[in-house]
Amino acid sequence: MSGRDGRGEGDEGEMVGRVLVLNTGSSSVKYRLLAGAERLASGTVERIGEPGSPVADHEAALKIVATELADRGLGLDSPELTAIGHRVVHGGTTFTEPTLITEEVVRKIEELVPLAPLHNPANLAGIEVTRRLRPDLPQVAVFDTAFHSTISPAAATYAIDREVAERLRIRRYGFHGTSHAYVSREAAAAVGRPGGNVIVLHLGNGASASAVSGGRCLETSMGMTPLEGLVMGTRSGDLDPAVVLYLGRVAGMSLDEIDELLNRRSGMRGLCGDNDMRAVQERLAAGDRDARLAFSVYCHRLRKYVGAYYAVLGTVDVIAFTGGVGENSPLVRQTALDGLEAMGIAVDPARNARGERIVSPDDAAVKVAVIPTDEELEIARQTLGIISRTNRG
Ligand code: AMP
């Protein structure tokens, strides 16, 4: 079967074969079984390791996944299963592309645990269990950071002491890479400019922006961790680093307390108490002042990044909105891009309200697109791409 939109997959590998995509998080496992682009099964096992939960650990969770698949005649032992694709959050500078998993690869992902102490161990647990269940099956790690590995040293380097930064691997890595890869490609194709210049705004509960040219990422808003950049559901995004010092020295907060404040009690939740944009917008419509401030901080930050990435790219073919907010909130799209007509950026209100694929006016120099992201499909594609390249030797 060829890819979506009737496009062939070319060198990335024909979308043939079945791939089980696993996203093993600290407390949940999400899975999707794909045959080409067709979804055969999907599901989520939640509350892993929580008090009172029947799912004790990742091993138990993956056994539930295996049982759910087997019950539908699609078990892990099925000879039709080609490969398993694992989402892995942090690839550091070690992994710049999807990688066939071996003992050595597992060891190198372990070395990156200090950079992603919550995520990489969970991803590794998923890999270890499925390797035990199907040792003969090819398994591929697809890294959230990999798509951003092409950003230049100018974009990746923090202006701090070089020796400290290098010793501790402190630099900008970026995240949500599979989504930025998928959406930038789809958006460029949607406006007839494959290989063009794209600004991707991935706005979900986590949020990040990227500037992509010719399929290569030049800039992205998340940094060494997913805390940098845009305002998110519960994360602050950009912040004067001295705020952290102040919270410690003056407010006497511990590092764990500051971590919790910035990652879980900031962003939209910190500003107005709600991290769900639907609730924020309802309150905004009812005249709630906290919601109004939160919404304006959110959209102002977005607009600032659009301007910055326009400057990074020089010219822009398309701005693509994706993620739960980007795909579903005409108000965010309209407000974030309001007043940018001089840059060739405009949103057509009727198209925007209908959530059409292209929401800019026909004569706009810069197209604005709404592109639903599909990270599982992208992981499956990249997994099959590696398998077919490996098989071709
Ligand atoms: P994601 O992380 O991509 O699944 O996005 C989840 C977020 O999308 C939710 O927390 C909501 O804030 C937002 N969202 C979903 N549907 C809508 C909608 N109709 N309008 C505005 N925001 C939405």
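UniProt numbering numbers the first residue of the sequence shown as 1 and each following residue consecutively. The beta-carbon is built from N, C-alpha and C at its ideal position, and this holds for glycine as well. Given the structure is predicted, the values throughout are model-derived calculations rather than measurements.
Query raised in the report: Cα separation between Asn131 and Asp77?
Result: Per the sequence shown, residue 131 should be read as Arg rather than Asn. For the pair Arg131 and Asp77, the Cα-to-Cα distance works out to about 12 Å.
Query raised in the report: Do you know offhand how far Ser2's Cα is from Leu262's?
Result: Because the pLDDT of Ser2 is 34, which lies under 50, any placement of that residue in the model is unreliable, and the question is left without a value.
**Report entry** Residues near Ser266 in its chain [Cβ-Cβ closer than 7 Å; skip 5 each side]
**Finding:** The residues Thr234, Arg235, Ser236, in chain order, have a CB closer than 7 Å to that of Ser266 in the same chain once the five nearest residues on each side in sequence are set aside.
Query raised in the report: CA-CA distance, His202 and Gly323?
Result: About 5 Å.
Query raised in the report: Leaving out five residues before and five after Ser53 in sequence, what residues of the same chain have Cβ atoms less than 6 Å from its Cβ?
Result: The residues Arg47, in chain order, have a CB closer than 6 Å to that of Ser53 in the same chain once the five nearest residues on each side in sequence are set aside.
Query - Closer than 5 Å: residues whose CB approaches a heavy atom of ligand 1 - result: Cβ atoms closer than 5 Å to ligand 1 belong to Gly204, Asn205, Asp276, Met277, Arg278, Gly323, Gly324, Val325, Asn328, Ser329.
Query - Spatially closest choice to Arg87 from Arg72, Pro121, Gly49, by CA coordinates - result: The residue with the shortest Cα to Cα distance from Arg87 is Pro121.
Query raised in the report: Nearest-angstrom Cα distance between Pro349 and Ala342?
Result: For Pro349 and Ala342, the distance between alpha carbons rounds to 18 Å.
Query - Assigned secondary structure, Gly307 (DSSP; H/G/I helix, E/B strand, else coil) - result: Correct three-state label for Gly307: helix.
Query raised in the report: Between Val280 and the rest of its own chain, which residues show a CB-CB distance below 7 Å, the 5 nearest in sequence each way excluded?
Result: Answer for Val280: Met268, Cys272, Asp274, Ala291, Ala294, Phe295, listed in chain order.
Query raised in the report: What distance in whole Å lies between the Cβ atoms of Pro98 and Val140, which are believed to be in contact at a cut-off of 8 Å?
Result: Yes, Val140 and Pro98 are in contact; Cβ-Cβ is about 5 Å, under 8 Å.
Query raised in the report: Under a Cβ-count criterion, where at least 16 other Cβ atoms within 10 Å of its own Cβ denotes burial, should Gly6 be classed as buried or exposed?
Result: Confidence in Gly6 is poor, its pLDDT being 34 and thus under 50, which makes the residue's placement unreliable; the coordinate value appears in the next sentence. By the neighbour-count rule (16 or more Cβ atoms within 10 Å), Gly6 is not buried but exposed.
Query raised in the report: For the beta strand (DSSP E) that Val19 lies in, which residues bound it at each end?
Result: Note, Val19: beta strand (DSSP E), 18 to 24.
**Report entry** Collapsed DSSP secondary structure at Ser28 in the structure displayed
**Finding:** Looking at Ser28 - three-state DSSP - the assignment turns out to be coil, as it is neither helix nor strand.
Requested in this report: Starting from the N-terminal side, write out each stretch of the beta strand (DSSP E) that is 3 residues or longer and does not extend beyond the region 22 to 92.
Outcome: Entirely contained in the region 22 to 92, the beta strand (DSSP E) runs reaching 3 residues are, in chain order, 29 to 35, 38 to 45, 81 to 88.
Query raised in the report: Can you tell me the Cα-Cα spacing of Val316 and Val55, whole angstroms?
Result: Going from the Cα of Val316 to the Cα of Val55 covers about 48 Å.
Requested in this report: Measure the alpha-carbon distance for Ala346 versus Val359 and round it to whole angstroms.
Outcome: Within the model, the alpha-carbon separation for Ala346 versus Val359 is close to 9 Å.
Requested in this report: Sort Gly85, Glu356, Ile127, Val89 by Cα distance to Glu103 and report the nearest one.
Outcome: With distances taken between Cα atoms, Glu103 lies closest to Ile127.
**Report entry** Residues that DSSP places opposite His176 in a beta bridge
**Finding:** Looking at the DSSP assignment, His176 forms no beta bridge with any residue, so it has no partner.
Query raised in the report: Within 10 angstroms of its Cβ, does Gly252 collect 16 or more other Cβ (buried), or is it exposed?
Result: By the Cβ-count criterion, Gly252 is exposed, with fewer than 16 other Cβ atoms from all chains shown falling within 10 Å of its own Cβ.
Requested in this report: Using DSSP bridges, identify the partner residues of Leu203.
Outcome: Residue pairing for Leu203: DSSP places it in a beta bridge opposite Ala207.
Requested in this report: Can you tell me which of Ile258, Val45, Arg278, Met232 puts its alpha carbon nearest to the alpha carbon of Val243?
Outcome: Considering only alpha carbons, the answer is Ile258.
Query raised in the report: Over what stretch of residues does the beta strand (DSSP E) that includes Glu219 continue unbroken?
Result: Start and end: 216 to 220.
Query raised in the report: Alpha carbon to alpha carbon, what distance is there between Glu50 and Val184?
Result: Note on identity: in this sequence residue 184 is Ser, with Val being the wrong assignment. Looking at the backbone, the Cα of Ser184 and that of Glu50 are separated by about 37 Å.
**Report entry** Paired residues, beta bridge with Ile345 - DSSP
**Finding:** Here Ile345 is bridged, per DSSP, to Val366.
Query raised in the report: Excluding five sequence neighbours on each side, which residues of the same chain lie with their C-beta closer than 6 Å to the C-beta of Gln382?
Result: If we look at Gln382 and ignore the five residues flanking it on each side, its Cβ neighbours are Pro98, Val142.
Report task. Enumerate in chain order the residues of its own chain whose CB-to-CB distance from Ala61 is below 6 Å, with the five nearest sequence positions on each side excluded. Result -> Excluding residues within five positions, the ones whose Cβ falls inside 6 Å are Val29, Val45, Ile48, Val55.
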